[in-house]
Structures are given as structure tokens and as C-alpha cells.
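Some notes on the structure that comes next.
2 protein chains.
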Amino acid sequence: MAGRGGPAPAEDLQRILDVDRLIHEPARLLIVALLASVGEADFVFLQRETGLTKGNLSSHLARLEQSDYVRIEKSFRGKIPQTVCSLTSEGRSAFKTYRSQMRRTMGGRPG
Amino acid sequence: MAGRGGPAPAEDLQRILDVDRLIHEPARLLIVALLASVGEADFVFLQRETGLTKGNLSSHLARLEQSDYVRIEKSFRGKIPQTVCSLTSEGRSAFKTYRSQMRRTMGGRPG
DNA sequence: ACAGACTAGTTTGTATTGCAGACCACTGGC
DNA sequence: GCCAGTGGTCTGCAATACAAACTAGTCTGT
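Taken in order, these protein sequences are the chains called A and B.
Taken in order, the first sequence gives residues 1 to 111; the numbers are from the working numbering.
Taken in order, the second sequence gives residues 1 to 111; the numbers are from the working numbering.
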């Protein structure tokens, strides 16, 4: 009825409250969007791209791992430890959901 | 350059960190979106539409008022107090900015 | 007229959680 | 051995979202 491009009806708007807070947090949204875009990335790359501090990045990644949104694989590049991160299928799907949710909500008329 | 519809380049993604947290918070996003859509609304209407508790709604409105995003006018409907809320031009503009920011970020390819 | 229920909204307390800086483990040059 | 650099985790503080308790006043029944 309201059609794509029309204002979101109130019930749709209300759903904003159910949005996945884990992904909604800007720092994590950035991480997840980045991972969705590049497939996988190591810690150093993520830190450079996001501009987050190590502590901050580390804790957000830990949280994302706990929730099975991100898979973290620790390995060695030569003798130097390396942490490679990628989205799990859950994470990918959660991001997709989040995105379409957000698009629907934000997609209304310019008013 | 990346063209609308392409993936957002890293610099664009990074800007997620600068989003207006005041609006980004789901409860307030809902309030603001609602106000943007209907023009103005009283407390009771907002509570019904959002499903927020009174306390929650009250404090979010107070915050939005403090930041000059929302104008709050107290009056009486008969003998009963009534609080009417509407977006200020600042609020409207902040919402617009937020929305286009979010659309740009979320608008990339499905990947 | 008084008690109790209801409307409209604010204040208060608590529990998360985001953030940055201190810290730890290891490697490589001198 | 010592100092600098890399890779990453842990800790303490500040912000804040949330709901329950409270305030102020009105309406209803008896």
C-alpha cells in the first residue's frame, strides 16, 4: 500500500526498536560492513581501516565472536601472530537483515 | 566514482563512526522518524505508537529537547496537561543528514 | 466531601557497555 | 643484554538506556 518509496507506516517504524543492537553499534557496524565487503581481514588491517584503538577493536571483535557473527582464526605469519577475521554465515545473514531493516525504515519520503 | 549502487568505499564506511548518536539510538530514531512523519504529536500518542515506557519516553524527549532537536510545548487540553512535541528545524535537518548517511552506507551491493 | 482509580509525566536507581590507556608477550636489531 | 617495534588483551572510568517508583492533579462513585 504505502509502496516502496512511501513513508514507512507506524508498525514498520516501531520495528526499529527490535534492531540488532550488536550490529547497530557504529563501531561494530563498521567492522561488519568492512568484513562483508572484503571477505576477510586481519587485525592490523581492521585497525587501520576503522581507526579504532586496539582495545576497542579487540573488545568489539570478541563480542562479535561470542555471538557467532564473526569467526576469528589465529595463525602465524612467519613467527608473528596474526588474527584473521571473517563473517560467519550467521553474521552475514544478521547484517543482511539489519541492512534491509534499515533501508526500509530510512527509505521513506524525504519529509 | 563508486557510483550509487556500488559498495561504499572504505572512507565512506569509516564515516559511520561519526553518525549522530543522539539520533542513532533506536528509541530516539523512532521518535524522531515518527515526528518527521506526522509533524507533531503529544506524549500519549508517542507512547502508544512507540510502545516505550513513560519514563523512557520522557527521558529521551528531554534529551532531544536539550539538544534542540525537538520542541516541547506544554499546554492543557481542558484541565488535563498535554505535552506536544515537534521537530525543530535543527532536528529535521539532523534527521535528514542521518538518513542520507545511513542510506549511503547501507545502500551498497547485497554482498 | 472523601476515597480510590485514573491520566500525564518526572525523578531515581541500576545494570550495560563503549571507550581509551595501561599492560603483556614476542620478535628483531644493535 | 637492552631497547624499539609489532600484535593483541585487560582494567577502570564515564556515559546512558531502561524500568520502577514517585509526583501532581483530575474524575468517579457513594
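The beta carbon of each residue, even a glycine, is placed where N, CA and C say it ideally should be.
Counting C-beta pairs with one atom in each stretch, the stretch 50-64 of chain B and the stretch 56-72 of chain A have fewer than three that are closer than 8 Å, which means they do not touch. Cβ-Cβ distances below 6 Å link B/TYR98 to ASP20, ILE23 in the same chain, with the five nearest sequence neighbours on each side left out; the list follows chain order. The straight-line gap separating the alpha-carbon atoms of A/ARG103 and A/LEU35 is approximately 19 Å. The Cβ of A/VAL19 sits closer than 8 Å to at least one Cβ of chain B. Check the Cα spacing between A/THR53 and each of A/VAL84, A/GLU40, A/SER93, A/ARG28: the tightest is with A/ARG28. It is roughly 8 Å from the alpha-carbon of B/VAL44 to the alpha-carbon of B/GLN82. Contacts between B/GLY55 and chain A, judged by CB atoms closer than 9 Å, are missing: the closest CB pair is about 15 Å apart. Note on geometry: alpha-carbon atoms of A/VAL70 and B/VAL70 lie some 38 Å from one another. Neighbourhood of B/ALA27 in chain A, by CB distance below 9 Å: ILE16, LEU17, in chain order.
Note: B/GLN82 is bridge-paired with B/SER75 in the DSSP secondary-structure output. Look at A/ASP68 here: in three-state DSSP terms it is coil, with no helix or strand label. Bounds of the alpha helix (DSSP H) holding B/GLU90 are 89-106.
Nearest neighbour of A/MET106 by Cα position, chosen from B/ASP12, B/LEU30, B/SER86, turns out to be B/LEU30. B/PRO26 is positioned such that its CB atom lies closer than 8 Å to that of A/LEU17.
Using a Cβ-Cβ cut-off of 8 Å, B/ARG71 does not count as an interface residue toward chain A, since no Cβ of chain A sits closer than that to its own.
Shown here, B/GLU49 sits in a helix according to DSSP, grouped into three states. For A/HIS24, at least one C-beta of chain B is nearer than 8 Å to its own C-beta. Judged by DSSP secondary structure, B/GLU25 falls outside any beta strand (DSSP E); it is assigned neither H nor E.
One finds GLN14, LEU17 in chain A with Cβ atoms closer than 9 Å to the Cβ of B/GLY51, taken in chain order. Counting every other CB atom within 10 Å of its CB across the protein chains shown gives B/GLY51 a total below 16, marking it as exposed.
Interface with chain B (8 Å Cβ-Cβ cutoff): A/ARG103 is included.
Secondary structure note for A/ASP42: its beta strand (DSSP E) is the uninterrupted segment 40-42.
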